[in-house]
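Residue numbers (this note's numbering), protein chains in the order written: chain U, 611 to 882; chain X, 473 to 1128.
Where a beta carbon is used, it is the ideal one built from N, C-alpha and C, also for glycine.
What follows is one structure encoded as structure tokens, with my remarks underneath.
Shown next as structure tokens:
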């Protein structure tokens, strides 16, 4: 029923667009281990798409396939209607896909501002020599980028730590800075790898609100992996469920919740 | 004639705006830090923004006399919304933005607001939540667009859209706006602000243009405030002080109001702006001082020595230099050196370099804290005020500043002390009425315009300064007729960092006794440094060395209370350190951490009896509630101690 290019309307009345990325029969192997087994699903413009599953189900591998960090042995990634060739991750980033990491990957010694500025590296046009010399176009360009970065800082309410080195921040704020850096790249698709891992309830609520606001304000398509079921079911429009590298469910949170395979995977059933 | 004509024209805040837009057209009226940069608006630009907003309000059908709720942190656009509402004849009502939905519901319902102007989504959500009970709300306007896209906009508007609509429709509404502005007089309502309501429901204090403008005028003259002042607007917009400083005085003198980026960046923004006129409650000054002291503890030995040495000198002469009293040339020279090496850089770090006038009020400030800032050369003063007075009742003139008085009556204010010690005042700033509450109005304000403050105080002989001693209802008499003012003594005790709370008893008795609560953080830290092992709060509170140091504090306080002939009866004869912290969960305190004297008195009657009958120790069992609602019983044997008391007026030991 979702096969058309027209998209659909969500429960809260948002219009979701056509397919922006399609993953077709993806199989990913590490030596003899099949991390992902023949999985297909699509991601539509403007939706919040969750990938869930028990530990070791292959969720992060899936995200790494989308971000171009892993190249699957079989299957195609169709992005904006074209089959994506083998690419380096930075090339994928230039095509409008940004991500955050499960284990925070920020430059600890740099300030929040500088960290977020690195998110715009891929968009900067002047050469690194000109930037190092702070010369002509480079200086002007940096002003423009700083303005964009300041908008992100304002959006995520981290003005008070603008000049604070990341190493001094608590965990929850680091996660927010990482989101800021990903947003600074102005991505069309934002990949979030366990954005709420290790957070307390209040931090989770804040992060959920920011994710919804990003989607709402910039129309960014969001793909997220998350363990907290409550959060996933509240946030996402459609959910892919993985278990042992296989897709066992795909649909709206309600559909997934009532799917017997999913219930078995979570409550535990003897695997043959 | 022309002066009177001019004066007549300046009878409302919108009229002041019109004057400023011409007279101070290119001076900066507002600044707000956004996107990391200070954005500025001149008076001319401000007037244009407010006009557009007022026209937009007309387009939305805002009527004369409508109440307009304003909820959000200090932002220029919300201040503009206040003045725009006044411009169309409506009454702005600022609400505390951290109020929970229930409290908000009461105020919105009580004033029957038709419009709610919210800072952001959080406030909009609260208003929507209470719309069930506060059904008068017809339109919600919001300032920050984030997260608002999905809301039903049938009765909701983005404030910038309202302005755009106003601009588009200006030829339709301009005549109406001019007419509405012309209707405003000195007696029309300027603003309605709700008192915080520690006792009972909040009351809506109606303040007229006369109240606000006369008060702003008098207080600006008192401190010679001018066009070039810089203030930081960071205290709640619902608080009368913010309205007087950021609207009243700002519109009267034309000075610039700076809004911080957000609540957390306040200290940083303070430093960037360097205000010349500053208000902060004692808590803010306390926090700043603590931060300085902690950082000095971590500083290198040379820096620390320099700091200690020059701060000692500042304590000796700094206050006197600030007050213009004679100080020897050598001391002055040394103070100058200190200014270059220590005081100047320190003030710069705190953002207080440019301060010409700073005020603190609201509660008692510790003398050490007060003197610290004065000794640095910061002109920190105290004032005493109320919402009902449009803030100012008394304030300290330059050169007559002390930590234990609240100053002389402000210009235009008459103050008298009633038989029972209660302070009454009358001034042009006295509020019109409590909205929809004639009984309270009548019981607070008499026919001649005298207002009861509910505080007891007295004028000091010789200086004419007012001293506030306590809430009037808490002031009593000892058995021999001497005055019993518990809070006066309790505050003195609470200035010690290791004393968290103190409760004094003595009404209708022949002398006073006290309960003390230690501050676990401070005493725990002290115990750690002195290698004192303890396993519980109770054990620490009963430790002989802790009792010993508390006893020293009590006796020092007694000595200082004895200096005061009127209050010398309040010296503490015996005291004990409580085995548990007074807690709101046990009903011993209010949620705002004010001690409920009667409940404490009933609950610990056995301890009070012990203090009065001279027992050396008392065994007691106390019921406590844990956070999860379980009840438990705390058993303890408390040591009761005698404290030295002093003769009135002389620091000599009295024979007990």
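Could you check what DSSP says for residue i in three-state terms: helix, strand or coil?
| i | result |
| --- | --- |
| residue 832 of chain U | strand |
| residue 925 of chain X | strand |
| residue 664 of chain U | coil |
| residue 724 of chain X | helix |
| residue 718 of chain X | helix |
| residue 998 of chain X | helix |
| residue 499 of chain X | coil |
| residue 858 of chain X | strand |
| residue 674 of chain X | coil |
| residue 1104 of chain X | strand |
| residue 1119 of chain X | coil |
| residue 872 of chain X | coil |
| residue 1128 of chain X | Legend: pLDDT at residue 1128 of chain X = 35, less than 50; position of this residue unreliable, value from coordinates given subsequently. Coil, per DSSP. |
| residue 756 of chain U | helix |
| residue 576 of chain X | helix |
| residue 773 of chain U | coil |
Cα-Cα, which of the options is closest to residue i?
| i | options | result |
| --- | --- | --- |
| residue 617 of chain U | U/870, U/857, U/685, U/848 | U/848 |
| residue 857 of chain X | X/833, X/1070, X/667 | X/833 |
| residue 758 of chain X | X/844, X/885, X/499 | X/844 |
| residue 1112 of chain X | X/783, X/1050, X/1072, X/501 | X/1050 |
| residue 504 of chain X | X/498, X/497, X/496, X/513 | X/513 |
| residue 727 of chain X | X/1044, X/1033, X/485, X/502 | X/502 |
| residue 814 of chain X | X/791, X/824, X/783 | X/783 |
| residue 884 of chain X | X/692, X/553, X/915 | X/692 |
| residue 890 of chain X | X/903, X/930, X/868 | X/930 |
| residue 690 of chain U | U/684, U/768, U/705, U/741 | U/705 |
| residue 653 of chain X | X/508, X/555, X/992 | X/555 |
| residue 760 of chain X | X/801, X/812, X/868, X/824 | X/824 |
| residue 990 of chain X | X/1008, X/978, X/1001 | X/1008 |
| residue 747 of chain X | X/732, X/755, X/847 | X/732 |
| residue 869 of chain X | X/484, X/854, X/895 | X/854 |
| residue 590 of chain X | X/605, X/563, X/620, X/915 | X/620 |
| residue 587 of chain X | X/545, X/764, X/630 | X/630 |
| residue 730 of chain U | U/707, U/740, U/633, U/755 | U/755 |
| residue 806 of chain X | X/787, X/819, X/820 | X/787 |
For residue i, would you say it is in contact with chain X, using Cβ-to-Cβ distances shorter than 9 Å as the test?
| i | result |
| --- | --- |
| residue 800 of chain U | no |
| residue 552 of chain U | The structure shown has nothing for residue 552 of chain U, since chain U only spans 611 to 882. |
| residue 770 of chain U | yes |
| residue 822 of chain U | yes |
| residue 763 of chain U | yes |
| residue 796 of chain U | no |
| residue 827 of chain U | yes |
| residue 756 of chain U | yes |
| residue 767 of chain U | yes |
| residue 616 of chain U | no |
Comparing the C-beta of residue i with each C-beta of chain U, is any distance below 9 Å?
| i | result |
| --- | --- |
| residue 734 of chain X | yes |
| residue 509 of chain X | yes |
| residue 1093 of chain X | no |
| residue 582 of chain X | no |
| residue 504 of chain X | no |
| residue 763 of chain X | no |
| residue 617 of chain X | yes |
| residue 737 of chain X | yes |
| residue 622 of chain X | yes |
| residue 740 of chain X | yes |
What are the uninterrupted segments assigned as alpha helix (DSSP H) that are 4 or more residues long and contained completely in the segment 1002-1073 of chain X, given in chain order? 1009-1013, 1016-1034
Note down, one range per segment and in chain order, each alpha helix (DSSP H) of at least 4 residues found wholly within the segment 754-822 of chain X. 754-769, 773-794, 801-810, 816-822
Write down every uninterrupted run of the alpha helix (DSSP H) in the segment 580-636 of chain X whose length is 4 residues or greater and which is fully enclosed by it, in chain order. 593-602
At 4 residues or longer, what runs of the alpha helix (DSSP H) sit wholly inside the segment 893-972 of chain X? 910-916, 958-966
Below 8 Å, can you find three or more Cβ-Cβ pairs linking the segment 490-499 of chain X to the segment 516-536 of chain X? yes
Under 8 Å: do the segment 742-759 of chain U and the segment 804-812 of chain U share three or more Cβ pairs, one atom per stretch? Here the segment 742-759 of chain U does not lie against the segment 804-812 of chain U, with fewer than 3 beta-carbon pairs under 8 Å apart.
Do three or more CB pairs link the segment 1017-1025 of chain X to the segment 1034-1042 of chain X at distances below 8 Å? no
Across the segment 662-682 of chain U and the segment 844-859 of chain U, are there enough close Cβ pairs to call them in contact, namely three or more that are closer than 8 Å? yes
Counting only runs of 3+ residues fully inside the segment 672-750 of chain U, write out the beta strand (DSSP E) ranges in chain order. 684-689, 707-709
Segment contact, 8 Å Cβ cut-off, at least three pairs: the segment 908-927 of chain X with the segment 953-970 of chain X: no
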